[in-house]
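Using the UniProt record's numbering, the letters of the sequence shown map in sequence onto residues 1 to 601. Glycine residues also receive a C-beta, built at the ideal position from the N, C-alpha and C atoms. Since the model is a prediction, treat every value here as computed from it, not as a measurement.
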Amino acid sequence: MASTHPKRATRSRTGKNSSQTCLATRLTNHRYQGCLTCRARHVKCDEAKPACLECSKQKRGCEWAPPPLPKSREVAQDSQQAESRTLRPLAPASVAIDSTHSQFIGAQAPTWGLEDDVSTSDLTIAPDVNFLPDFGCLNFPFLNNMPWFPVPCPEPTMDMHIGSDGLLAPLPLAISPSQTEREALAWYRSDATFGFGSAKNPNWSTHAVLWETARESKAVLHLLLAATQIEMASRTGTQGSLLDRADEHYRLGHEQLGEEIRSREIDPLNALSCFWFLYLHQKRRQFAGNRMLLSELSQMMEEYLRVYNLHHMLTSTDVQHPAWPEAKKALLARLMIWLFWVDAQAAAQGQGGRIAKLLTSAASRQALLNLYQVSRSTLESFWAERYPDDELVDDMKNSSALDMIHDTWVLVQEVNDAAGEKLPLDAETSDEIQAKIQALQKKPGPRSVLRLTASNAAFRDRVMLNADWAGVNFYTLRIYHFRCSLTEENMPFSSPETVKVADTVDSLMLLIQKSLATGRQDQPDRMQWPLFWAGIETTDRFKRVWVLGELKDEGLLQALRCVLLLQEGGTRVGMAKIREIFQASCLSTPGAGFGMWGMRG
Numbered sequence: 001m002a003s004t005h006p007k008r009a010t011r012s013r014t015g016k017n018s019s020q021t022c023l024a025t026r027l028t029n030h031r032y033q034g035c036l037t038c039r040a041r042h043v044k045c046d047e048a049k050p051a052c053l054e055c056s057k058q059k060r061g062c063e064w065a066p067p068p069l070p071k072s073r074e075v076a077q078d079s080q081q082a083e084s085r086t087l088r089p090l091a092p093a094s095v096a097i098d099s100t101h102s103q104f105i106g107a108q109a110p111t112w113g114l115e116d117d118v119s120t121s122d123l124t125i126a127p128d129v130n131f132l133p134d135f136g137c138l139n140f141p142f143l144n145n146m147p148w149f150p151v152p153c154p155e156p157t158m159d160m161h162i163g164s165d166g167l168l169a170p171l172p173l174a175i176s177p178s179q180t181e182r183e184a185l186a187w188y189r190s191d192a193t194f195g196f197g198s199a200k201n202p203n204w205s206t207h208a209v210l211w212e213t214a215r216e217s218k219a220v221l222h223l224l225l226a227a228t229q230i231e232m233a234s235r236t237g238t239q240g241s242l243l244d245r246a247d248e249h250y251r252l253g254h255e256q257l258g259e260e261i262r263s264r265e266i267d268p269l270n271a272l273s274c275f276w277f278l279y280l281h282q283k284r285r286q287f288a289g290n291r292m293l294l295s296e297l298s299q300m301m302e303e304y305l306r307v308y309n310l311h312h313m314l315t316s317t318d319v320q321h322p323a324w325p326e327a328k329k330a331l332l333a334r335l336m337i338w339l340f341w342v343d344a345q346a347a348a349q350g351q352g353g354r355i356a357k358l359l360t361s362a363a364s365r366q367a368l369l370n371l372y373q374v375s376r377s378t379l380e381s382f383w384a385e386r387y388p389d390d391e392l393v394d395d396m397k398n399s400s401a402l403d404m405i406h407d408t409w410v411l412v413q414e415v416n417d418a419a420g421e422k423l424p425l426d427a428e429t430s431d432e433i434q435a436k437i438q439a440l441q442k443k444p445g446p447r448s449v450l451r452l453t454a455s456n457a458a459f460r461d462r463v464m465l466n467a468d469w470a471g472v473n474f475y476t477l478r479i480y481h482f483r484c485s486l487t488e489e490n491m492p493f494s495s496p497e498t499v500k501v502a503d504t505v506d507s508l509m510l511l512i513q514k515s516l517a518t519g520r521q522d523q524p525d526r527m528q529w530p531l532f533w534a535g536i537e538t539t540d541r542f543k544r545v546w547v548l549g550e551l552k553d554e555g556l557l558q559a560l561r562c563v564l565l566l567q568e569g570g571t572r573v574g575m576a577k578i579r580e581i582f583q584a585s586c587l588s589t590p591g592a593g594f595g596m597w598g599m600r601g
């Protein structure tokens, strides 16, 4: 296998130390060259401030990395005392902000504090609802004693029409971060994708919009830092202080979220942003029982949506519902869609699935369709006329692939629901789902997307990457449905049914290889779950060995090894048994976590 991928083999021998060195160099503030906007677009920058020539010419927002702190302060802030403190209010003069933007930044400063009274709409709460479980498996003692209360639905207080120039503020206002935290925030704004990005310009991505949410909420900021620092640690293989800081921010964010809930100050946008960053942190955290914790997160978020009917509220014309700005509705809808996608994957592995089941129920199916339509305009709605024309064109080019990804996830959840009632699926149910899968493949958009995946071009731009992700999703769905439908007589690999799925397995393996060959750091995460299904279904022993080498998710790797061992006799393992193996692996494997599929930037 080494001769097939010589470049990747070389990287495997030398890549770990060099990648750590490269990222450490990139994270050093004094090495940043040019503005963030030019660096994101890989164009030369003349470094003129406040706006460089290239950004002025293209009429783009010119954004810069945070200024470095004095060395003496850096040492002091990285001390043991600095690591254990909470974030403190910052005097305006202690951060160097370009004077050109000082007036704008001042206008964005939060005007409320934790002691302020925030108007809320009290709703009737079911007495047995418990949104936030105690997360005892995290081994944070304060969580076991913290009382949790239902999250209220406040009146809208956030004006989501904040211009992209707001990202020019190098740090969240009224916050005093350490040098390490400043580096994490700079990395978040310029490089972080969390395995979900799709080569979208980071200056105009959804995570750039969430940055504005973090600037107004300590809970969101702490959890953003927790997710970012643990992602940095994962990318570089770093252990120790970076993970400790990530866990500390997780603890502080979780604690702050509890305070906001108890004081009834939580805004739905802050709540969903917290849920999102909670998920991003937990998918990376290396501890036993990770998937079980994600099941608790799924339950918490499902109850929040169900009690406050948030998924219906965003798409309803009822005058009794809050009159939120369209940009805020779009961002809330996108976060719900993202959480639906990851929860549907969890359900396919026998964990979580509460949000996905709620949103695909008969009562909510139309709401899910409406939510996705609303979510498509998130970026344009947020920046309005500031959103560049080339970014708008980019969104339009990628819409077919992203629509196909969403439609595929809806069908994945339909298989989940049917499999939850009976395994194997009865013939009538299986045929109905199969007809929907075939109908999706015949639509003009998906047909064009799958055609694009056949390209063997070495360079794969954002459109082709998204097409590849859509194809990977679709082929994995077909294999998953096939396995859930198998009856006892069709379990042997020599059965005629094997021929029907063989081409799908080959197509999936080829697309995974193309995606990993790009060398992008976020690709392995997105390929983990598809690799599992390709590995259990391929009959080529060399391909199985290759899949085992590419699986980085320890839980899925352990499950795959177990399934392959049971299949050594030439007979497939039934889906019910595979689910038992999934659950056993998540309880016994420290590194268990979810692989990611593509997501709208």
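- Per DSSP, reduced to three states, the secondary structure at Thr408 is helical.
- In this structure the stretch 252-263 does not touch the stretch 302-309; the number of beta carbon pairs closer than 8 Å is below three.
- The alpha-carbon separation between Gly570 and Leu278 amounts to approximately 42 Å.
- Judged by their CB atoms, Gln351 and Leu294 are nearer to each other than the 8 Å cut-off.
- Look at the stretch 318-358 and you find these whole runs of alpha helix (DSSP H), each 4 residues long or longer: 326-348.
- When DSSP assignments are scanned along the stretch 490-570, the uninterrupted stretches of alpha helix (DSSP H) that are 4 or more residues long and fall wholly within it turn out to be 497-517, 523-537, 541-550 and 554-566.
- In the DSSP assignment, Tyr372 falls within the unbroken alpha helix (DSSP H) covering Arg365 to Ser375.
- DSSP places Thr238 in the coil class of the three-state scheme, outside both helix and strand.
- Cβ-Cβ distances below 6 Å link Ala51 to Cys62 in the same chain, with the five nearest sequence neighbours on each side left out; the list follows chain order.
- If you look at Glu428, you'll find it in the alpha helix (DSSP H) that goes Ala427 to Lys442.
- For Thr180, the enclosing alpha helix (DSSP H) stretches over residues Gln179 to Ser190.
- The beta carbon of Ala333 lies closer than 6 Å to those of Leu314, Leu371, Val374 and Ser375 in the same chain, with the five residues before and after it left out.
- Val209 is classed as buried because its beta carbon has at least 16 other beta carbons within 10 Å across all chains shown.
- One thing to note: Thr213 has its Cβ within 8 Å of the Cβ of Ser273.
- In this structure, Leu243 lies away from Ala184, with their beta-carbon atoms at least 8 Å apart.
- Boundaries of the alpha helix (DSSP H) around Glu212: Thr206 to Arg215.
- Straight-line measurement puts the Cα of Ala470 at about 42 Å from the Cα of Ser176.
- In this structure, Asn398 is the residue among Asn398, Gln366, Ala344 and Val563 with its C-alpha nearest to the C-alpha of Ser377.
- Per DSSP, Trp64 lies in no alpha helix (DSSP H) segment and is marked neither H nor E.
- A straight-line Cα-Cα distance of about 47 Å links Asn490 and Asn201.
- For Lys283, the uninterrupted alpha helix (DSSP H) run begins and ends at Pro268 to Arg284, by DSSP.
- Counting C-beta atoms within 10 angstroms of its own C-beta, Ser298 has 16 or more neighbours from the protein chains shown and is therefore classed as buried.
- Using a 10 angstroms sphere on the CB of Lys328, the tally of other CB atoms reaches 16 or more, which defines it as buried.
- Remark: C-beta atoms of Leu477 and Thr408 approach each other more closely than 8 Å.
- Closest by C-alpha distance to Gln441, out of Val472, Ala457 and Arg460, is Val472.
- Taking all protein chains in view, the Cβ of Ser56 is surrounded by fewer than 16 other Cβ atoms within 10 Å, so the residue is classified as exposed.
- The closest CA to that of Leu221, considering only Leu257, Glu380 and Trp204, is found on Leu257.
- Going by C-alpha positions, Ala367 is about 7 Å away from Leu359.
- In the DSSP assignment, Arg462 falls within the unbroken alpha helix (DSSP H) covering Arg462 to Ser485.
- Rounded to the nearest whole angstrom, the CA to CA distance from Gln229 to Trp204 is 21 Å.
- Residues of the same chain with a CB within less than 6 Å of the CB of Ser190, apart from the 5 flanking positions on each side, are Leu36 and Pro202 in chain order.
- Put simply, of Arg520, Ala347, Leu510 and Trp533 the residue whose alpha carbon is nearest the alpha carbon of Leu557 is Trp533.
- Nearest in C-alpha terms to Cys484, of all of Tyr387, Ile433 and Glu54, is Ile433.
- When C-alpha distances from Asp403 are compared across Lys422, Val463, Gln583 and Leu566, the shortest belongs to Val463.
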